[in-house]
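If you use mature numbering (1 follows the signal peptide of the UniProt record, and there is no 0), the sequence shown corresponds to residues -31 to -1, 1 to 433, in order.
Worksheet: the structure to be examined is printed underneath.
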Amino acid sequence: MKKSLSRAIAVTAVCAAGVSGALVTNPAADAARGHSATHAKPVPTNFGYKGDVYGAKVLVDGVELRTLKDAYAQQRCTSYAGREVLKNSVVSVPDNDYVKVSGLSSTTKTYRDLESGLSGIRGTSTVGDVELGATDGSTPTLKLTGLTSVADAFFDSATGKFGHQETFKAPELSIGNLPAEVPAELQDLLDTLTQTGGQVTGAVIDVLQQATGGVIEIPGLGSIGLAGVKSGSATADHAISETYALRLMTDLTGHPTVLELGRARTRVARPVPAGVFRSTAMGLDMFSGNALHMGNLGQRSIPCEGTGGVVKKQHIADASVLGGLATLTGIDYAFMGKQHSDGSARGMVSSKLGKITLDSIGLEIDGIASTVHMFKPAGTNRVRKSIDTSIAKILVNGEELAVPKPGETIELGDGTGNFLQYRVVKNNFYGSEVHAVVLTLGDSFTPGGSIMDLGWAAGKIFPR
């Protein structure tokens, strides 16, 4: 078991390193990478804006490579209109001719148009070309060209209502070099593409949605499906806009490689007299070797404007990482945010993990929990915070170890190169981030070693 798991993580790390080495950025966009670019001076508003847009998300062997969420234009919670994030890049998987993606571009932009009376956030994702399959005719092929999706969430001052609008430029899709006989669902897709002239219109989306599991198998290549749908919603207090993401998979690389393409999600809400919450709970964040960064395990965040003082609770399904490398059970999150008209605010975010087991090194940790409480008084941007963390039990090969003191590091067995640090806290002016447990694991666990952050909670309130 241990040998096979080590091989699995090694393969994934190699694939991740290869993909990372193939990233080629657009020089014109390098200045915008990692920070916001603006075309006009941002102005404060009474709205909270948030956006997540990416060109391509890459998963290998079921693991999201977070460093390769390519052309990822994230607009963190802000109350300022006129902020723009732009990302461009090209991604491919080297050492094979089976996966090629080019022309990725993503933007998120908050705006306030005094003439139209609209205030909102618009996210746009563009994917130029995607090719799956061998170029020598030895496999089926899939080609996708010209996917653009836009998610726009806004408030209309003329009507006093929130609204949303989603637009989708239909890409061209072709699937070729197939055997004479293909599955019925694939034939339905091919027939519909013939009727639409190869464009992914609503009729094609309907075929994908009606397929078993929302996925259509392409023998000898992989599959095609939807990672999301075109949708939106609006209430008296906020609006959300989301657009399609296509999901393509190929196993020709020897390790199932998934591309999720063209995802855009935006949200606008009010009021935010005290600023915006940037508070997140996550059960696991993991770095392995020099290239693999996986995580986003059921990640949850306080809405920018808060929850109106209501404590929201969410239970996340049990998770198994990399085919059983680590198993997590009892994942529970809770969060709350409350804004007051005088500019004060308070909030809470907590992350609880019932148990994590790493069978390959005989490790079990029970009852991991962390909570951050935050309070911003009126008249100041400095946030007061308090932190609670706990571990119920640590077992190594069935033997119980004493829980370390806050900030203390202990070795998990003599000479194993595996260490556990309890309660790692990062404070700043706007709040706190706490990792209840940080595991530093050596080559005996995975080639190149790994770092796991468990029971991760961040509670912050930003003035803008």
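C-beta: ideal position from N, C-alpha, C; glycine also.
Bear in mind that the values here come from a model prediction, so they are computed numbers and not experimental data.
Taking all protein chains shown into account, decide if residue i is buried (16 or more other Cβ within 10 angstroms of its Cβ) or exposed.
i	result
A120	buried
R81	buried
H309	exposed
H284	exposed
S270	buried
E84	exposed
K19	buried
G348	exposed
G129	exposed
D422	buried
E368	exposed
N366	exposed
A(-24)	For A(-24), the predicted model reports a pLDDT of 43, less than 50, meaning its position is unreliable; a value from the coordinates is still stated below. Burial call: buried.
V99	buried
Specify the secondary structure class of residue i as computed by DSSP and reduced to three states.
i	result
T212	strand
D98	strand
T(-7)	Note that T(-7) scores 30 on pLDDT, short of 50, meaning its location in the model is unreliable; the coordinates nonetheless yield the value given after this. Of the three classes helix, strand and coil, the one that applies to T(-7) here is strand, per DSSP.
S248	coil
S320	strand
D206	coil
S85	coil
D105	coil
S310	coil
S143	strand
D328	helix
One question on the structure: do residue i and residue j come within less than 8 Å of each other, judged by their Cβ atoms?
i	j	result
G418	L410	yes
V27	L228	yes
L177	L162	no
G92	V151	no
V406	I360	yes
A208	V237	yes
L217	L73	no
G231	L159	no
T95	G102	no
I363	I334	yes
P373	Y399	no
A303	K282	yes
C46	G17	yes
A139	V184	no
S126	T212	no
K69	E53	no
Could you spell out the range, first to last residue, of the beta strand (DSSP E) harbouring residue i?
i	result
V407	400 to 410
V184	184 to 187
G201	200 to 203
H342	332 to 345
T235	226 to 238
N397	388 to 397
T79	68 to 82
Q44	42 to 50
On the DSSP letters alone, give me the boundaries of the alpha helix (DSSP H) that residue i sits inside.
i	result
L159	153 to 165
Q178	171 to 179
Could you check if residue i belongs to the surroundings of the ligand SAM, using beta carbon to heavy atom distance under 7 Å?
i	result
D422	Ligands in the displayed structure: none, and consequently the ligand SAM is not present.
Quiz item: Quick check: the stretch 211 to 221 against the stretch 183 to 191, are there 3 or more CB pairs under 8 Å?
Solution: yes
Quiz item: Do the stretch 337 to 346 and the stretch 308 to 319 meet, that is, are 3 or more Cβ pairs less than 8 Å apart?
Solution: yes
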